[in-house]
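Letter by letter, the sequence shown follows residues 1 to 66 of this note's numbering. Right, one structure below, let's go through it.
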Amino acid sequence: MESVETVFRVERGQAGEDELTAIAVVLLALHRRGQEESESEAEQPSSPALNWWKRPNGYASPDSWR
Numbered sequence: 001m002e003s004v005e006t007v008f009r010v011e012r013g014q015a016g017e018d019e020l021t022a023i024a025v026v027l028l029a030l031h032r033r034g035q036e037e038s039e040s041e042a043e044q045p046s047s048p049a050l051n052w053w054k055r056p057n058g059y060a061s062p063d064s065w066r
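Next up, the structure:
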């Protein structure tokens, strides 16, 4: 008997094969998009003018919510 790794778990209700397939497709698409974005960022030189919205990680006090 083959061992199968559980990837999705349904907390409530009865998810059918079509619903689980839809979830898998969405998650894989999001994962792929994240990989493509990280690859494109690595190819492009970092420019402060283009990345003005990305702030450097500054000091965070011990009481901060971050």
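Glycine included, C-beta positions come from ideal geometry on N, C-alpha and C.
Distance, threonine 21 Cα to alanine 120 Cα: Missing from the structure shown is residue 120; the chain here goes from 1 to 66 and no further.
Backbone CA spacing between serine 3 and arginine 12 [nearest angstrom]: 24 Å
Glutamate 17, DSSP secondary structure in three states: helix
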